[in-house]
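In our numbering, the protein residues as written are 34 to 327. Every residue, glycine too, gets a C-beta built ideally from N, C-alpha and C.
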């Protein structure tokens, strides 16, 4: 009987540990690969290997920050109608000691990465420290919380550039920042709309109208700066501007009409038109930046 219980609970616990790492959120770490694509190094096997390794390390580092966040917010998550079922710690499928063991393994893995790509790990360390500060302090500060989320995306792009030892256009950094500010603002908007001010303490400092203005300004700036990046650095990417426009329009449609946006990852994975737009944008970028032969 005891053996049957172990057989039954072990897969559940393993699945819970996997969910605790939030693998669906790893899609955000695709930003690490942006310098690989825009530098035109995607045909260089060594460069691809370096970029993928940096992305792997970022996935491990980001999972560690999610675990710290879930441990810190466990009591609050237990009161949340959705998180109480979807967060393993809040749902009780994973215990805190198990989570701490997994956290130690993730930290050890990132430290191991130091011996292979020390400069990349320094960027990831900065990301992890910033996220710890976010979990305990910064997420309760209005405006600062949104900018912290956005800076984390910029660090992903920077890690990709460091992994390849290539320069990144300032336009690319500011475009990433504005796009991330847009996504973060929409996330706060949907949390406020769906959960009210009880979902997060910082939501009491916001209004839907204010966040809408933040989102609109960020989206416009992202489009303008992306256009300037294209015109000044990569004019062959002009064919991708309509796709970026459509993507912004479609994402906002999903927020207004499909009640998405609280999780950008979920919004992307559940909207086939948005997902197709991203795939076509990547394909168009690779086609436009394909190295000339001969």
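Query raised in the report: Do you know offhand how far residue 321's Cα is from residue 246's?
Result: The residue labelled residue 321 in the question sits at position 288 within the chain shown. The residue labelled residue 246 in the question sits at position 213 within the chain shown. So the alpha carbons of these two residues sit roughly 34 Å apart.
Query raised in the report: If you run the structure through DSSP and keep just helix, strand and coil, what is residue 414?
Result: The question about residue 414 has no answer, for the chain in this structure spans 34 to 327.
Report task. Given a cut-off of 8 Å, decide if residue 323 and residue 262 are closer than it, judged by their beta-carbon atoms. Result -> As a first step, residue 262 must be located in the chain shown, where it is residue number 229. As a first step, residue 323 must be located in the chain shown, where it is residue number 290. Contact flag unset, no.
Report task. Along the alpha helix (DSSP H) that carries residue 152, what are the first and last residues, could you check? Result -> Indexing the chain shown from 1 puts residue 152 at position 119. 151 to 169 is the extent of the alpha helix (DSSP H) around residue 152.
Report task. Check the C-beta distance from residue 126 over to residue 46 and give it rounded, since I have them as a contact under 8 Å. Result -> Reading the chain shown from its first residue, position 93 is the one you call residue 126. Reading the chain shown from its first residue, position 13 is the one you call residue 46. About 7 Å; that satisfies the 8 Å criterion.
Report task. Give the secondary structure of residue 54 by DSSP, where H, G and I count as helix, E and B as strand, and everything else as coil. Result -> Counted from its first residue, the chain shown places residue 54 at position 21. Coil, per DSSP.
Query raised in the report: Does DSSP put residue 72 in a helix, a strand or coil?
Result: Reading the chain shown from its first residue, position 39 is the one you call residue 72. Coil at residue 72, not helix or strand.
Query - Contact belief for residue 298 with residue 255 at Cβ below 8 Å, rounded distance in angstroms - result: Within the chain shown, numbered from 1, the residue matching residue 298 stands at position 265. Within the chain shown, numbered from 1, the residue matching residue 255 stands at position 222. The pair is not a contact, with the Cβ atoms about 18 Å apart (cut-off 8 Å).
Query raised in the report: Can you list, in chain order, the residues of its chain whose CB lies under 7 Å from that of residue 195, leaving out five sequence neighbours each side?
Result: Mapped onto the chain shown, residue 195 falls at position 162. The answer, listed in chain order, is 152, 153, 156.
Requested in this report: Specify whether the region 111 to 119 and the region 81 to 91 touch according to this definition: at least 3 beta carbon pairs, one from each stretch, less than 8 Å apart.
Outcome: no
Query - the region 159 to 176 in contact with the region 130 to 139 per 3-pair CB rule at 8 Å - result: no
Query raised in the report: With 16 other CB atoms within 10 Å as the buried threshold, where does residue 39 fall?
Result: As a first step, residue 39 must be located in the chain shown, where it is residue number 6. Any reading at residue 39 is ruled out, since the residue's pLDDT is 40, under 50, leaving its predicted position unreliable.
Query raised in the report: Distance, Cα to Cα, residue 60 vs residue 186?
Result: Here the question's residue 60 lines up with position 27 in the chain shown. Here the question's residue 186 lines up with position 153 in the chain shown. Roughly 12 Å between the two C-alpha positions.
Query raised in the report: DSSP three-state call for residue 291: helix, strand or coil?
Result: In the chain shown, the residue the question calls residue 291 occupies position 258. Looking at residue 291 - three-state DSSP - the assignment turns out to be coil, as it is neither helix nor strand.
Report task. Could you round the C-beta distance between residue 161 and residue 99 to whole angstroms and report it? I think they count as a contact, below 8 Å. Result -> Your numbering for residue 161 matches position 128 in the chain shown. Your numbering for residue 99 matches position 66 in the chain shown. With a Cβ gap of about 11 Å, residue 161 and residue 99 do not count as contacting.
**Report entry** Length at least 4, wholly inside the region 70 to 147: the alpha helix (DSSP H) runs in chain order
**Finding:** 78 to 105, 107 to 111, 116 to 119, 121 to 124, 129 to 147
Requested in this report: State yes or no: is the C-beta of residue 233 within less than 8 Å of the C-beta of residue 65?
Outcome: Start at 1 with the first residue of the chain shown, and residue 233 comes out as number 200. Start at 1 with the first residue of the chain shown, and residue 65 comes out as number 32. Not a contact, by the Cβ cut-off of 8 Å.
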